[in-house]
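Structure record follows, encoded as structure tokens.
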Amino acid sequence: MADDDGGSDSATSRATVSVGDGAVLPPLGSGGKDLVQTGQVVPVKVRIGCGGAFWSGLAPAIAMVNGGETYPAVSVSAADQPGVMRELDGMYLYNLRIPSSMGSHDLVKGDDLTVRVEPFGSAGGALDVTIQIRK
């Protein structure tokens, strides 16, 4: 690197970068739109890790997106914290209740929603699954 008087120097920095992968596990994540009913409880399961190794100790955030707006995920399980997936048997789980409305919009057959899981918070990427209301 050269400066304004023609002198130069070099610099190095040690940085650690962690790269991981995530997968949505069945019953969601079929690759298409997963069909659900309002009021139904859907177990949202994800695996986060790298090279087959599971990353434990995370607290993935989970929310629902509709029409560009983000809404809190609601669980029916006392084991779940609102909007936070829990670790269980090498995966993260959230028992998501499919709402009958989002904001002022009543959900009807054919409406698409996105289930968004952010394993590292809002700055770290997301796993999105599209679900569609079938009844």
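Here my numbering is used: position 58 in the sequence shown is 58, and no number is missing along the way. Ideal placement from N, C-alpha and C gives every residue a C-beta, glycine not left out. Given the structure is predicted, the values throughout are model-derived calculations rather than measurements.
Residue i and residue j closer than 9 Å at C-beta
i: Asp21; j: Ile62; result: no
i: Asp34; j: Val129; result: yes
i: Ser75; j: Tyr94; result: yes
i: Asn66; j: Gly110; result: no
i: Gln132; j: Asp112; result: yes
i: Leu127; j: Val36; result: no
i: Arg116; j: Met64; result: yes
Residue i, DSSP secondary structure in three states
i: Pro27; result: coil
i: Ser8; result: strand
i: Lys45; result: strand
Selected residue, minimal CA-CA separation from residue i, among the options
i: Pro27; options: Gln37, Ser13, Arg14 and Val42; result: Val42
i: Gly51; options: Val84, Ala23 and Gln37; result: Ala23
i: Ser56; options: Ala123, Asp89, Ala78 and Ala73; result: Asp89
i: Tyr71; options: Asp9, Gly83, Ser77 and Ala78; result: Gly83
Straight-line gap, residue i to residue j (C-alpha atoms, nearest Å)
i: Arg134; j: Val44; result: 18 Å
**Asked** What are the start and end residues of each continuous alpha helix (DSSP H) run of 4 or more residues lying completely inside the stretch 59-107, in chain order?
**Response** none
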